[in-house]
Amino acid sequence: MHEARQDPALMDWAKEAFVKEAGVGLRYKFTGLTDDLFSELGFSEYAEDALERMVNPYLRDPIDRVTRDPIRKLGWDDRLVGSIRYAVKAGVHPQKMVEAARKGLEEIREMKNTQNLQSALDLAWQGEPVVEEMKSIRSIILSALP
Numbered sequence: 001m002h003e004a005r006q007d008p009a010l011m012d013w014a015k016e017a018f019v020k021e022a023g024v025g026l027r028y029k030f031t032g033l034t035d036d037l038f039s040e041l042g043f044s045e046y047a048e049d050a051l052e053r054m055v056n057p058y059l060r061d062p063i064d065r066v067t068r069d070p071i072r073k074l075g076w077d078d079r080l081v082g083s084i085r086y087a088v089k090a091g092v093h094p095q096k097m098v099e100a101a102r103k104g105l106e107e108i109r110e111m112k113n114t115q116n117l118q119s120a121l122d123l124a125w126q127g128e129p130v131v132e133e134m135k136s137i138r139s140i141i142l143s144a145l146p
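Sequential numbering from 1 applies to the sequence shown in this note's numbering.
And the structure:
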């Protein structure tokens, strides 16, 4: 992951996804808490610090580990889809997080030789009860432009 530090466009993309999509959703979910983390400035500072830690050259966190097990990482209640859900509830269209989810679905499709992204998403959400929110999030992820 430390190589990402050398790509300013990628770092800007990640910060925007973190602050303007995931952050808005989390701040909405925890509205009313007095913790400074859930203020706009507090979350922005947290995101900046977290991104710095993620690309720390001394950690040598290989991209293989970070991207390992996309089926689990795209689970209904896991970080990425969970953050997409919070953002949507906050009224934000999480374009960057959806883009990341679609990349993960492409990995699943190739690994598991599924016919399409919907089949890949079905693998990630296997065993989850189908609720109205799930239909909505599925539509957002699958209808996004590649």
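Cβ atoms here follow ideal geometry from the backbone N, Cα and C, with glycine treated the same way. No experiment lies behind these values; they were computed from the predicted model shown.
| Query | Result |
| --- | --- |
| 4 or more residues per run - each alpha helix (DSSP H) lying fully within the segment 2–54 | 8–16, 24–29, 40–54 |
| Segment contact flag, the segment 65–84 with the segment 14–29, C-beta cutoff 8 Å, min 3 pairs | yes |
| Three-state class that DSSP yields for P70 in the structure shown | helix |
| Check whether A120 and V55 have beta carbons under 8 Å apart | no |
| Element boundaries [alpha helix (DSSP H), containing D78] | D78 -> no alpha helix (DSSP H), and no H or E assigned at all. |
| Neighbourhood of E16 by C-beta, 7 Å cutoff - its chain only, sequence neighbours within 5 removed | K96 |
| Residues near S39 by beta carbon distance below 8 Å, same chain, minus five either side | R27 |
| Selected residue, minimal CA-CA separation from D77, among G91, I137, E48 | I137 |
| Cβ-based burial, G127 [other Cβ within 10 Å; buried from 16] | exposed |
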